[in-house]
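Counting the sequence shown from 1 gives a position; the numbering used here is that position plus 3.
All residues carry an ideal CB built from backbone N, CA and C; glycine is no exception.
Heads up: the structure comes next, in structure tokens.
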Amino acid sequence: MTLFKEMKKKEEKIKREKRIVHLSVLGHEYAVPIDSIKEIIYSKSVHPLPGAIQTIEGVINLRGKVVPVIDLRKKLNASSIPLASPEHILIVEVRLQKVGLIVDRVNEVMSVREEQIQNVESFVNQNAAYVDGIYRVGDRLIVSLDLEKLWTSAELTEIETTLTRPLSDGLENSP
Numbered sequence: 004m005t006l007f008k009e010m011k012k013k014e015e016k017i018k019r020e021k022r023i024v025h026l027s028v029l030g031h032e033y034a035v036p037i038d039s040i041k042e043i044i045y046s047k048s049v050h051p052l053p054g055a056i057q058t059i060e061g062v063i064n065l066r067g068k069v070v071p072v073i074d075l076r077k078k079l080n081a082s083s084i085p086l087a088s089p090e091h092i093l094i095v096e097v098r099l100q101k102v103g104l105i106v107d108r109v110n111e112v113m114s115v116r117e118e119q120i121q122n123v124e125s126f127v128n129q130n131a132a133y134v135d136g137i138y139r140v141g142d143r144l145i146v147s148l149d150l151e152k153l154w155t156s157a158e159l160t161e162i163e164t165t166l167t168r169p170l171s172d173g174l175e176n177s178p
């Protein structure tokens, strides 16, 4: 095989692969596209936000910016455990605004092939439109999340409102 053909074959393989971040939420496995994650923060104090909708756990100070934090456990309708200091917060962008997502654990970054994903549109209801598909990795099934579809319009409004609230005393100086 010529060098050109080898390179072309590798290029086609890469196009069929997708890089995902494999994470855990209350013992369940999920995946989000790596390009939707801006950064991962470990063990950051979340400040409560009175009056916020149920899924907004509070806010964090991220290099001088107030970032609302959503408990992905609550958002995915899983039973939530009391929040102490979350182990992992994924920073993602929603409508050009940064938002933190609390997850129990970030497991790894993986490459998956197109043929490993199964479409779930036929058996997922409208309320779970954010479920993008299911990856088959060995014997495991990993639910793929579409972060663009994860938010209701009320949640998006609340996120935008949270970002316009003034900082409370002490939050602007917290780590």
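Asked: Round the Cβ separation of Glu32 and Arg143 to the nearest angstrom and send it over; I've been treating them as touching at under 8 Å.; Found: 6 Å
Asked: Suppose you measure from the CA of Ile100 to the CA of Glu118; what does that come to, to the nearest Å?; Found: One point to set straight first is that residue 100 is Gln, not Ile, in the sequence displayed. Whole-angstrom Cα-Cα distance: 33 Å.
Asked: Roughly how many angstroms separate the alpha carbons of Val181 and Leu52, rounded to a whole number?; Found: Residue 181 is absent from the structure shown; the chain starts at 4 and stops at 178.
Asked: What are the partner residues of Glu20, as DSSP defines its beta bridges?; Found: Arg116
Asked: Drop a sphere of 10 angstroms on the beta-carbon of Ser147, count the other beta-carbons inside from all chains shown, and report buried for 16 or more, exposed for fewer.; Found: buried
Asked: Less than 8 Å between the CB atoms is what I'm expecting for Ile23 and Val115, so what's the real figure, rounded?; Found: 6 Å
Asked: Who are the Cβ neighbours of Leu159 in its own chain at under 8 Å, not counting the five residues just before and after it?; Found: Val97, Arg98
Asked: What residue from His50, Val95, Leu75, Ile56 has the CA that sits closest to Ala157's CA?; Found: Ile56
Asked: Cβ of Leu26 within 8 Å of Cβ of Val106?; Found: yes
Asked: For chain C, find out if any of its Cβ atoms is closer than 8 Å to the Cβ of Lys152; answer yes or no.; Found: The structure shown has no chain C; it contains just one protein chain.
Asked: Using C-beta distances below 6 Å, list every residue in its chain close to Glu42, excluding the 5 sequence neighbours before and after it, in chain order.; Found: Ile94
Asked: Tell me where the alpha helix (DSSP H) around Lys77 begins and ends.; Found: 75-78
Asked: Helix, strand or coil for Ala131, going by three-state DSSP, please let me know.; Found: helix
Asked: Output the distance between the C-alpha atoms of Thr58 and Glu161, rounded to the nearest integer angstrom.; Found: 10 Å
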